[in-house]
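Visitor:
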């Protein structure tokens, strides 16, 4: 293994040769990872499925991860592979789907990937983009793009090449996809946040976006003419806010038109005009926007991190679904437009247990505060709508010794899929302390999940 000291001893030519060797090793590792994913699918083929067991509610089923022509795979297989690779179940599912498509539907690309001539990421992109195509159409795309997939053209051009090949593989299907895409319109906030900011994504036909852009530009220009000194981008955001209240937006447009079109102030009359009637002077106040009236009522769940006694410095808070922000941002940006309700911190240790399968709302709140993320190894969901699993399964009619089964310390939030994996796929979990979960996969590997994330626990030789 090359150490930092050894790197410092290298000359430029030697260092660059080492960099090339590392890049080659990375490609070899990527190829081996794809092979592992394909073989894991083979080991978890439909032949291992118990037909009688599969007929029961919640049990494992066989699914087609890849496109047409790829074999079906047992649906719980990505959970154990993802845990071993240190990635989420979803990421492992995507890897297996891509690997199956590459191996079964894109042989030319796969050959170049195995020869280390094409990066695995390029082949996986083509696999994702062609997944909904038939096998023959995928083969057409494979033939069209495998030569250029070695990086000889910039990524944007490669994307365009793939898109063109997909359309050319079946023009009628391309037209049908266009018609279908027209029905998949959306307008929703983005998931990503940055420094208290968030985006809003609109997917709509071209003419709708053109009209939206035109009205936003028009309102931003009106604000400029009314004396707004903000940048054009900031005024466009204000224009979007105006559009959230159509009545006020229409009123502003009307008043602006009246103000803009009023007669010019007449010039002072000279001696020859003393007997003439003066023109009607401009009248009316310049329109103003009541921004506070435009702000809707929004409920935000805000968590303020603990602060040392006597520390009066900046603090950081976390807004659920938005990310971390400073208290300065809260006061200066959110504060003028929002009302805050301060709730006391829940006493997590004082949550009285109950002997009922139904989980009390106070317990759900406590669990979300203590364990906001999916407790399955490398789980990524932080939704408040996750299922709350009993770590030790609830037993109806349990003896008195089992009373209080529903309690903090026997809960773990999980997605529905991971809940099914835990119940039916041979995984075992223990919660020795509230919020600390020890998982063992069906092959014996052990994982620790807590508030800091997931770690693989090395087993004694």
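In this note's numbering, the protein residues as written are 5 to 465.
Using N, Cα and C, we set each Cβ at its ideal position, and we do this for glycine too.
(1) How many Å lie between residue 34 and residue 41 at the Cα?
(2) For the region 131-138 and the region 148-161, state whether three or more C-beta atom pairs, one from each stretch, are separated by less than 8 Å.
(3) Considering only residues of the same chain and omitting the five flanking positions on each side of residue 160, which have a CB-CB separation below 7 Å?
(4) Look up residue 441 in the DSSP assignment and give the residues it is bridged to.
(5) Note down, in chain order, each residue of its chain lying with its Cβ closer than 7 Å to the Cβ of residue 98, except the 5 sequence neighbours on either side.
(6) What does DSSP give as the partner residue(s) for residue 40 in the beta ladder?
(7) List the whole-angstrom C-beta distance separating residue 177 from residue 148, where the pair is believed to meet the contact cut-off of C-beta under 8 Å.
(8) In chain order, what residues of the same chain have a beta carbon less than 6 Å from the beta carbon of residue 103, not counting five sequence neighbours either side?
(9) Which residue's Cα is closest to the Cα of residue 203: 192, 65, 85, 232?
(10) What separation, rounded to the nearest whole angstrom, lies between the Cα atoms of residue 378 and residue 385?
(11) Quick one, are the C-beta atoms of residue 381 and residue 87 less than 8 Å apart?
(12) Less than 8 Å separating the beta-carbons of residue 394 and residue 414?
(13) Suppose the cutoff is 7 Å on Cβ atoms and the five residues either side in sequence are ignored; what does the same chain contact list for residue 189 look like?
(14) If you run the structure through DSSP and keep just helix, strand and coil, what is residue 204?
(15) Taking DSSP as the reference, what is the three-state secondary structure of residue 393?
(16) Pick out whichever of 29, 56, 423, 259 has its Cα sitting closest to the Cα of residue 121.
(17) Under 7 Å from any heavy atom of the ligand COA, does the C-beta of residue 250 make it?
(18) Measure the C-alpha to C-alpha separation of residue 459 and residue 453 and round it to an integer number of angstroms.
(19) Should the region 136-143 be called in touch with the region 69-84, which here means at least 3 C-beta pairs below 8 Å?
(20) Within a Cβ cutoff of 8 Å, which residues of the same chain sit near residue 90, ignoring the five residues on either side of it in sequence?
(21) Around the C-beta of residue 423, are 16 or more other C-beta atoms found within 10 angstroms, so that it is buried, or is it exposed?
(22) Taking Cβ positions, are residue 240 and residue 214 nearer each other than 8 Å?
(23) What is the rounded straight-line gap between the Cα of residue 438 and the Cα of residue 372?
(24) Check for me: the beta strand (DSSP E) holding residue 418 runs from which residue to which?
(25) Got a sec? Which residues, its chain only, sit under 6 Å from residue 444 by beta carbon, not counting five neighbours each side?
Guide: Considering the structure as presented:
(1) 11 Å
(2) no
(3) none
(4) 453
(5) none
(6) According to DSSP, which records beta bridges pairwise, residue 40 is partnered with nothing at all.
(7) Contact flag wrong, Cβ pair sits at about 16 Å.
(8) 38, 41, 42
(9) 192
(10) 5 Å
(11) yes
(12) yes
(13) 207, 208
(14) strand
(15) strand
(16) 29
(17) You won't find the ligand COA in this model; it holds no ligand whatsoever.
(18) 7 Å
(19) yes
(20) 382, 458, 460
(21) buried
(22) no
(23) 12 Å
(24) 415-418
(25) 432, 450
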